[in-house]
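Going left to right, the sequence shown walks through residues 36 to 267 as the numbering used here numbers them.
We put the beta carbon where it would ideally sit given N, CA and C, even for glycine.
Everything numeric in this text was worked out from a predicted model, so none of it was measured.
Report on the structure given below.
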Amino acid sequence: MGLGGPARALREVAAAVGDLAVPLVCGGCGRPGTSWCRACADRLRDAPRVLAPRVEVDAPAWALGRYDGPLRAAVLALKEHGRRDLARTFGEGLAGALMTLAQWGDLPAGRRLAVIPAPTRRSAARRRGGDPVTAVARVAVGLLGPRAAVLPLLATAGLTRDSAGLGAGARASNLAGAIELTRPPPDAVTAAGTVVVLVDDVLTTGATAAASTRRLARAGVGVDAVVVLAGA
Ligand SMILES: [Zn+2]
């Protein structure tokens with residue numbers, strides 16, 4: 036074996052692992068050579084869209100964009116296909132949206148910002164190596180500075196009946212009983228001057244957002260806005 040053999044083999048292994056870690060196709064449109072292309076990035080930089088959920092949510096709801104095309108593909112890639120690198124992409128989008136909403140006056144001025152991820156089933160989140168929405172929220176909060184924090188306060192009990200086939204109203208009440216607090220909210224979240232934002236991946240009927248804001252309200256936490264990565 037020549038001297039360069041082992042070193043070259045190591046380089047090849049490293050390159051293969053690198054390819055696995057950051058797939059070089061755009062998570063939105065599949066374009067090769069980049070994990071998130073400029074066209075998809077432009078789309079994510081669009082102003083937040085206001086949503087009109089079918090189920091009444093006790094806070095205004097916003098989306099980074101419409102749940103179709105590249106944005107839908109990217110949300111599914113993040114959630115279902117292990118594209119954890121897209122948490123950074125969406126985290127940057129979320130931070131930008133929160134700053135825009137604050138500039139518009141659609142988020143109250145506050146001294147602190149608490150970002151609460153919508154509930155996931157704890158077992159599912161563990162299995163998939165952590166909840167992607169929480170990962171997105173952490174990136175956003177990291178960009179927004181020390182007065183912002185992620186508070187994973189919500190989980191579903193895991194005994195929720197399968198809500199497929201239920202109407203929006205039945206789905207909402209099915210969920211409402213199933214959402215639980217992982218711990219009592221810290222005083223800083225219930226204090227005046229804290230802006231509270233609930234974050235989720237997708238909003239379709241609004242059932243999850245409605246049940247989450249109601250559960251938080253019962254614990255003394257008023258949600259100022261719901262922001263999702265993509266909305267119907
Ligand atoms: Zn793209």
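Beta-carbon contacts of residue i that lie in its chain and below 7 Å, excluding the five residues immediately before and after
i: Val231; result: Ala149, Ile151, Val224, Val256, Gly257, Val258 and Asp259
i: Ala122; result: Leu113, Pro167, Ala170, Val171 and Val174
i: Arg78; result: Gly100, Pro105 and Leu106
i: Val176; result: Val150, Ala183, Ala184 and Val185
i: Arg253; result: none
i: Pro143; result: Val230 and Asp259
i: Arg66; result: Val60 and Cys72
Element boundaries [beta strand (DSSP E), containing residue i]
i: Asp222; result: Run containing Asp222: none in the beta strand (DSSP E); it sits in the alpha helix (DSSP H), Asp222 to Thr225.
i: Trp97; result: Ala96 to Ala98
i: Gly266; result: Ala260 to Gly266
i: Leu148; result: Arg147 to Pro152
i: Asp235; result: Thr229 to Leu238
i: Glu215; result: Ile214 to Leu216
i: Ala192; result: Note, Ala192: premise wrong, no beta strand (DSSP E); not H, not E.
i: Ala183; result: Ala183 to Val185
Residue from the options whose Cα sits closest to the Cα of residue i
i: Cys64; options: Ala87, Asp81, Ala98 and Ala112; result: Ala112
i: Leu264; options: Gly140, Gly131 and Gly68; result: Gly131
i: Ala96; options: Asp236, Ala254 and Pro221; result: Asp236
i: Glu127; options: Ala76, Arg156 and Thr217; result: Ala76
i: Arg147; options: Ala244, Ala98, Leu136 and Gly228; result: Gly228
i: Ala98; options: Val90, Glu91 and Leu86; result: Leu86
i: Ala244; options: Pro154, Leu59 and Leu178; result: Pro154
i: Leu129; options: Gly165, Ala226, Pro219 and Arg80; result: Arg80
i: Leu251; options: Leu178, Leu189, Gly140 and Pro181; result: Leu189
i: Pro187; options: His116, Leu178, Leu179 and Gly165; result: Gly165
i: Glu215; options: Arg249, Thr124 and Ala226; result: Arg249
Same chain, Cβ closer than 6 Å to residue i, neighbours up to 5 away in sequence not counted
i: Ala109; result: Gly62, Gly63 and Leu121
i: Thr69; result: Cys61
i: Phe125; result: Val171 and Leu264
i: Arg118; result: Gly62 and Ala112
Opening and closing residue of the alpha helix (DSSP H) in which residue i lies
i: Pro105; result: Gly104 to Glu115
i: Val176; result: Pro167 to Leu179
i: Ala76; result: Arg73 to Leu79
i: Ala252; result: Ala242 to Arg253
i: Gly126; result: Leu121 to Trp139
Rounded distance between the beta-carbons of residue j and residue i, thought under 8 Å
i: Leu238; j: Pro88; result: 6 Å
i: Val90; j: Gly266; result: Their Cβ separation, rounded to whole angstroms, is 13 Å, which puts Val90 and Gly266 out of contact at 8 Å.
i: Leu136; j: Leu179; result: That belief does not hold up - the Cβ atoms of Leu136 and Leu179 are roughly 12 Å apart, past 8 Å.
i: Val92; j: Val234; result: Not quite, the Cβ-Cβ distance comes to about 13 Å (not below 8 Å), so this is no contact.
Minimum Cβ-Cβ distance from residue i to chain D less than 9 Å
i: Phe125; result: The structure shown contains no chain D, having only a single protein chain.
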